[in-house]
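A short write-up of the structure that comes next.
Residue numbers (our numbering): 73 to 170.
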């Protein structure tokens, strides 16, 4: 008889397979620290995101936003980050790190 309990969101076919993926995740998929430029770009993206939030309303819960509003927030955040990174890369005084 099959179990009625749902499977966990992550499962492996064997302990060997689980061990392999665990080692791989530790070795290769580790989160790296943000560079100073990336931190500055995130700070620069805050202003356009805040402008969109002003239009939406600061009291709105994220779960109450429409799909279009969420997509707009994501596009503005990513666009602001990319614009800031491009501006920093175009800076003639920027030093090549290698």
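Just so you know, even glycine gets a beta-carbon here, dropped at the ideal spot from N, CA and C.
These numbers come from a predicted model, not from an experiment.
{"Item": "Environment of residue 117 [buried if 16+ CB atoms lie within 10 Å]", "Value": "buried"}
{"Item": "Span separating the alpha-carbon of residue 129 from that of residue 145", "Value": "12 angstroms"}
{"Item": "Touching by the beta-carbon criterion (3+ pairs, under 8 angstroms), the stretch 149-160 and the stretch 125-141", "Value": "no"}
{"Item": "As assigned by DSSP and simplified to three states, the class of residue 143", "Value": "helix"}
{"Item": "Assumed close pair residue 149, residue 121 - CB separation to whole angstroms, cut-off 8 angstroms", "Value": "5 angstroms"}
{"Item": "Opening and closing residue of the alpha helix (DSSP H) in which residue 89 lies", "Value": "87-100"}
{"Item": "Alpha carbon of residue 139 to alpha carbon of residue 114, nearest angstrom", "Value": "23 angstroms"}
{"Item": "Residue 155 in three-state terms, based on DSSP", "Value": "helix"}
{"Item": "Beta-carbon gap between residue 160 and residue 90 smaller than 8 angstroms", "Value": "no"}
{"Item": "Helix, strand or coil at residue 104 [DSSP, three-state]", "Value": "coil"}
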